[in-house]
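Only one structure is covered here, and it is reproduced in the block below.
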Amino acid sequence: MADQVDQLGDDFEENYDIFIEDALATGCVWGLENEEGWALCASNDNDDVDVMPLWSQPEYAQAHCVEEWSSYEPVPISLEELLDDWLPGMHEDVILVGVNWNKDMEGPEVEPLDLLEDVDKYAAQAD
Numbered sequence: 400m401a402d403q404v405d406q407l408g409d410d411f412e413e414n415y416d417i418f419i420e421d422a423l424a425t426g427c428v429w430g431l432e433n434e435e436g437w438a439l440c441a442s443n444d445n446d447d448v449d450v451m452p453l454w455s456q457p458e459y460a461q462a463h464c465v466e467e468w469s470s471y472e473p474v475p476i477s478l479e480e481l482l483d484d485w486l487p488g489m490h491e492d493v494i495l496v497g498v499n500w501n502k503d504m505e506g507p508e509v510e511p512l513d514l515l516e517d518v519d520k521y522a523a524q525a526d
């Protein structure tokens, strides 16, 4: 598991590409949820904006279930549901997507509709 998480390093663009490739290959992504809801945190760029971190593999998500997030568990979200419901809803609610954050909780904070567009573009190229 440590090797998996180490794969998400400081190259945020590579982590982003891994997220999209894995999501298309597996048909799902992973968020962290507990009895109170989904894990959110403040944006590194704007304290007034929340970010919902998502990972492309359950191992990546599980690695973050420590300290203040120790009560959370990785929960799958189908790619179809993410694209059709979650991302448009997150855009309306002004919530960014934290894509494949590394073990230091660092990574891209992406506009939901930008992620939607990038997944669609990548899927079209793969066809």
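Position in the sequence shown counted from 1, then plus 399, gives you this note's numbering. Using N, Cα and C, we set each Cβ at its ideal position, and we do this for glycine too.
Runs of the beta strand (DSSP E) spanning 3 or more residues and lying entirely within the region 457-508 occur at 472-477 and 494-498, in chain order. Residue state for residue 432 is assigned as strand, using DSSP reduced to three classes. Assigned with DSSP and collapsed to three states, residue 438 falls in coil, not helix or strand. Residue state for residue 410 is assigned as coil, using DSSP reduced to three classes. Put simply, of 494, 483 and 431 the residue whose alpha carbon is nearest the alpha carbon of residue 471 is 431. DSSP, reduced to helix, strand and coil, places residue 448 outside both helices and strands of the structure shown, so it counts as coil.
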